[in-house]
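Residue numbers (the working numbering), protein chains in the order written: chain A, 137 to 550; chain B, 137 to 550. I have placed the structure first, in the form of structure tokens, so that the comments after it can refer back to it.
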């Protein structure tokens, strides 16, 4: 079965915003096992939108449209789709009630008249309640074709899709889809693909899809089965095989868990506290750790020691070390991490020092050179990396690799 | 004249990556004054790509295709466009030379045979050299229609577009386009639009486009003129009027300058040094400042004092203050900023403390409450904000507003 994604809106068309909704929907539909051949973006114009919808209906089984469901005259998605299906718009009592409720809770003095437009739906449509906004989603079916209309704002679209559309589409596929996400740090995408070539070549059910992120590779294993239990049983041996091949480089099999969450979990499990001592990453590692809700149990503090003076005063790096080896050196990284533990009284400190560029590189110490160290209860590991890319890329890679170093140190695998 | 954007590639179609190329091209084309009605994404499939190209040629003047120019069998964009125009592919001597040069510099042992495919171009095409990769860009023209083929990797696409395609398209528009970017911090998008309603309603040449960013609004003023000088003269009064209305909330009129760069520039101009003392932002402000190349002249250090113990030890916040007012309070924010200046010996310290959520909120101090303070040479300003959104959004807004507070303090406008 084929799905076509249609984005409606001038903001995307003119490049004011990036089309992240389409990526979100495409990934979900691929996961559901639909074929995806076309994505189209069109503006808030009746004729052009109609031409896109008609073409979509002629070449795809399911159309998913996002945007253009609001209260203004520009919002035409519902009108176009109703006309394409030849059904009238009618007021939906349930949606009118939902709107009234929404406006009461949001302390509006009065409801602008044009908002009642959102309570009209094409005759026969399935109405999807919008828990985070006012315009409902809609599903239309006719002659074997399905059109799904969803609101454009991501905070309305994502929960509506996950909660209501995903199960609906899953039923259409006449199968339960079960997937797991294996997240790997420490290997590049092509390395991962090389190491899984036999599995990827042989894949039918479950399938394996790779997603490259900065310093991470995510593998989604998706099985199609008669039941959730059966799906999990299909996934289990593949997941096990991947874990056997990548060992401790696998930091989670939970889609929701990020690298910093994995580090925070390990700290909690091992009753450890942590601090950071950052030069080239300049606070990025700390900022990532603080992303984790409830991290205050394990993350105590961070020191961004950008100047040499700060490295000496806050971390106790010796002037001799800075003079003899330079700020970007194994020795300085080591003293930063050890000094961080000493100054903060935490169990673990991860430290970075490097040349992020674009200036400051030499033949001996080129741009992209980063030393990182992790001191855990008296034992210090140091790593040297030569990263590629611009200042931002170098710093981002250094941040991710430092988090991973902390993780491996706690695991005793560094 | 109308432009249609066509993205080629399975990665976008399946949602493995977000389509940022299309946003980049759309913004540039809008700026050039072209009409944009359709964006299409299609996979590496000859028939489907041909149907998309034929349709594009039937409804748009200029097609810009990205992706599918590589050496593999899957890469078909060039073949499809040559066939659509009815011209053969021929080897281009200049491109062959460029390829040979590229492979020599990249120390390949031998050039894989299929790479010579990239040296063939449709007969009559203008060849655009690829300074950052191997596949050249191409421009085809026939019967008043233009097809532009560009490589997919952003680091190849962006410079090729800016350096070679933009000037070409500008000529097509038979006008010089001059634009300036006014960046505003401290007003929401709808506030900005309200305050410029008369200008936006009356706009013909120059035009004003608004782009909402986190805690910032960017306004692009674009004039179409016979010469650059004439264009600048058209922009100047509009830019001046906007600056008069928003005063110091305008932090730059340079497209390349970010808020952190504006802060770094002000620090340099005023011979000031800076440090940070962060709780809820957890290193984000420091990380942003360190984004600026050469910031080591003015940014010295940062302290991420997530625990109360760290607030006391590193910043000298008094235990009494924490007990009486709590960590999230005006008093604590003030002592953090003042303590930061004292501990670091810098001229300025910006401090944050707040409740990022999702937990930890109370009726009195709800999630999203953030206090920030800036101490500059003995004078301290404190601000209280109640931000909306999830943990990440709260922290990001707090970070931006803190940078802006530092900026306004240096300007003496806080």
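We treat Cβ as the ideally placed atom computed from N, Cα and C, and that holds for glycine. None of the values given here were measured: they were computed from a predicted structure.
Considering only DSSP beta bridges, list what residue 357 of chain A is partnered with. To locate residue 357 of chain A, count along the first chain from 1; it is residue 221. Partner(s): A:316 and A:344.
Closer than 9 Å by beta-carbon distance: list the chain A residues that pair up with residue 439 of chain B, in chain order. As a first step, residue 439 of chain B is located in the second chain; it is residue number 303 there, counting from the start. Here the neighbours are 437, 438, 439, 440 and 450.
In chain order, what residues of the same chain have a beta carbon less than 6 Å from the beta carbon of residue 477 of chain B, not counting five sequence neighbours either side? The sequence position of residue 477 of chain B within the second chain is 341, counting from 1. Once the five neighbours on either side are set aside, the close Cβ partners of residue 477 of chain B are 485 and 511.
Taking only beta-carbon atoms, is residue 150 of chain B less than 9 Å away from chain A? Working through the second chain from its first residue, we reach residue 150 of chain B at position 14. Yes, contact with chain A.
Got a sec? Which residues, its chain only, sit under 7 Å from residue 358 of chain B by beta carbon, not counting five neighbours each side? Locating residue 358 of chain B in the second chain gives position 222, counting from the first residue. Taken in chain order, the residues that qualify are 167, 313, 315, 342 and 343.
Which residue marks the beginning of the alpha helix (DSSP H) containing residue 186 of chain A, and which one marks its end? The sequence position of residue 186 of chain A within the first chain is 50, counting from 1. Where residue 186 of chain A is concerned, the enclosing alpha helix (DSSP H) stretches over 182-195.
For residue 416 of chain A, name the three-state secondary structure that DSSP assigns. Position 280 of the first chain, counted from the first residue, corresponds to residue 416 of chain A. It is coil, neither helix nor strand.
Answer with yes or no whether the minimum CB distance from residue 538 of chain B to chain A is below 9 Å. The residue given as residue 538 of chain B occupies position 402 in the second chain. It does not: the Cβ of residue 538 of chain B has no partner Cβ on chain A nearer than 9 Å.
Indicate the three-state DSSP secondary structure (helix, strand or coil) for residue 487 of chain B in the structure shown. Against the second chain, residue 487 of chain B aligns to sequence position 351. Of the three classes helix, strand and coil, the one that applies to residue 487 of chain B here is strand, per DSSP.
Residues from the stretch 273-296 of chain B in contact with chain A, defined by Cβ distance under 8 Å: Those residues of the stretch 273-296 of chain B that come within reach of chain A (Cβ to Cβ, closer than 8 Å) do not exist; the list is empty.
According to a CB-to-CB cut-off of less than 8 Å, which residues of the stretch 515-532 of chain B neighbour chain A? 527, 528 and 531
Comparing the C-beta of residue 425 of chain B with each C-beta of chain A, is any distance below 9 Å? Locating residue 425 of chain B in the second chain gives position 289, counting from the first residue. Taking CB atoms only, residue 425 of chain B has a neighbour in chain A less than 9 Å away.
Okay, do the stretch 292-300 of chain A and the stretch 320-338 of chain A touch, 3+ Cβ pairs below 8 Å being the bar? no
Close Cβ partners of residue 215 of chain B (< 8 Å) along its chain, the five nearest in sequence each way excluded: Here the question's residue 215 of chain B lines up with position 79 in the second chain. Excluding sequence neighbours, residue 215 of chain B sits near 182 and 225.
To the nearest whole angstrom, what separates the beta carbons of residue 539 of chain B and residue 414 of chain B, a pair I think is in contact under 8 Å? Here residue 539 of chain B is taken as the residue at index 403 of the second chain, counted from 1. Here residue 414 of chain B is taken as the residue at index 278 of the second chain, counted from 1. Rounded, the Cβ-Cβ distance is 12 Å, inconsistent with contact.
When Cβ atoms are compared, which residues of the stretch 334-356 of chain A fall closer than 7 Å to chain B? 347
What is the DSSP secondary structure of residue 432 of chain B, counted as helix, strand or coil? Here residue 432 of chain B corresponds to residue number 296 of the second chain, with the count starting at 1. Helix, per DSSP.
Pick out whichever of A:387, A:202 and A:527 has its Cα sitting closest to the Cα of residue 286 of chain A. Within the first chain, the letter at position 150 stands for residue 286 of chain A. Looking at the Cα atoms, A:202 is the closest of the given residues.
Taking 9 Å as the CB-CB limit, is residue 258 of chain A close to chain B? Position 122 of the first chain holds residue 258 of chain A. Answer no: the Cβ-Cβ gap between residue 258 of chain A and chain B never drops below 9 Å.
Boundaries of the alpha helix (DSSP H) in which residue 326 of chain A is found, first to last residue: The count along the first chain starts at 1 and reaches residue 326 of chain A at position 190. Its alpha helix (DSSP H) spans residues 325-331.
By the 7 Å beta-carbon criterion, what residues does the stretch 488-505 of chain A contribute toward chain B? 494 and 495
Would residue 547 of chain B be called buried (16 or more neighbouring beta carbons within 10 Å of its own) or exposed? On the second chain, residue 547 of chain B is found 411 positions in, with the first residue counted as 1. Classification of residue 547 of chain B: exposed, given that the 10 Å Cβ count is below 16.
Have a look at residue 174 of chain A and residue 302 of chain B and give me their C-alpha separation to the nearest angstrom. Translated into positions along the first chain, residue 174 of chain A becomes position 38. Translated into positions along the second chain, residue 302 of chain B becomes position 166. Taking the straight line from one Cα to the other gives about 27 Å.
Would DSSP call residue 523 of chain A helix, strand or coil? Here residue 523 of chain A corresponds to residue number 387 of the first chain, with the count starting at 1. In this structure, residue 523 of chain A counts as coil in the three-state DSSP scheme.
N-terminal and C-terminal residue of the beta strand (DSSP E) that residue 287 of chain A is part of: Translated into the one-based positions of the first chain, residue 287 of chain A becomes position 151. Where residue 287 of chain A is concerned, there is no enclosing beta strand (DSSP E), given that its DSSP letter is neither H nor E.
Which class does residue 294 of chain A belong to by DSSP, given the choice of helix, strand or coil? For the purposes of this step, residue 294 of chain A is taken as residue 158 along the first chain, with counting starting at 1. Note: residue 294 of chain A maps to helix in three-state DSSP.
Which residues, in chain order, does the stretch 160-179 of chain B contribute to contact with chain A at a C-beta distance below 8 Å? 160, 161, 162, 163, 164, 165, 166, 172, 173, 174, 175, 176, 177, 178 and 179
Under the three-state DSSP convention, the category residue 300 of chain B falls into: Within the second chain, numbered from 1, the residue matching residue 300 of chain B stands at position 164. The three-state reading of DSSP puts residue 300 of chain B in helix, counting H, G and I together.
Quick one: Cα of residue 164 of chain B to Cα of residue 388 of chain A, how far? The residue you call residue 164 of chain B lines up with position 28 of the second chain. The residue you call residue 388 of chain A lines up with position 252 of the first chain. When rounded, the distance between both Cα atoms is 40 Å.
For residue 156 of chain A, go through chain B and note every residue whose CB falls closer than 8 Å to its CB, in chain order. Position 20 of the first chain, counting from 1, holds the residue named residue 156 of chain A. Residues of chain B whose Cβ lies closer than 8 Å to the Cβ of residue 156 of chain A are, in chain order, 154.
To the nearest angstrom, how far is the alpha carbon of residue 304 of chain A from that of residue 391 of chain A? Locating residue 304 of chain A in the first chain gives position 168, where the first residue counts as 1. Locating residue 391 of chain A in the first chain gives position 255, where the first residue counts as 1. Those two C-alpha atoms are separated by around 21 Å.
Where do the ends of the beta strand (DSSP E) carrying residue 226 of chain B lie? By 1-based counting over the second chain, the position of residue 226 of chain B is 90. Counting along the chain, the beta strand (DSSP E) containing residue 226 of chain B begins and ends at 225-227.
Exposed or buried, which one is residue 409 of chain A when buried takes at least 16 other CB atoms within 10 Å? Along the first chain, read from residue 1 onward, the residue named residue 409 of chain A stands at position 273. Looking at its Cβ environment, which holds 16 or more other Cβ atoms inside 10 Å, residue 409 of chain A is buried.
Output needed for residue 329 of chain B: all residues of its chain with C-beta closer than 8 Å, excluding positions within five of it in sequence on either side, in chain order. For this step, residue 329 of chain B is matched to residue 193 along the second chain. Excluding positions up to five away in sequence, the list reads 336 and 346.
Quick check on this structure: which residue in B:457, B:139 and B:306 has the alpha carbon closest to the alpha carbon of residue 362 of chain B? For this step, residue 362 of chain B is matched to residue 226 along the second chain. Residue B:306 is the option with its Cα nearest to residue 362 of chain B.
Based on DSSP bridge pairs, tell me the residues matched to residue 439 of chain A. Here residue 439 of chain A is taken as the residue at index 303 of the first chain, counted from 1. The partner list for residue 439 of chain A (beta bridge, DSSP) reads A:413 and B:439.
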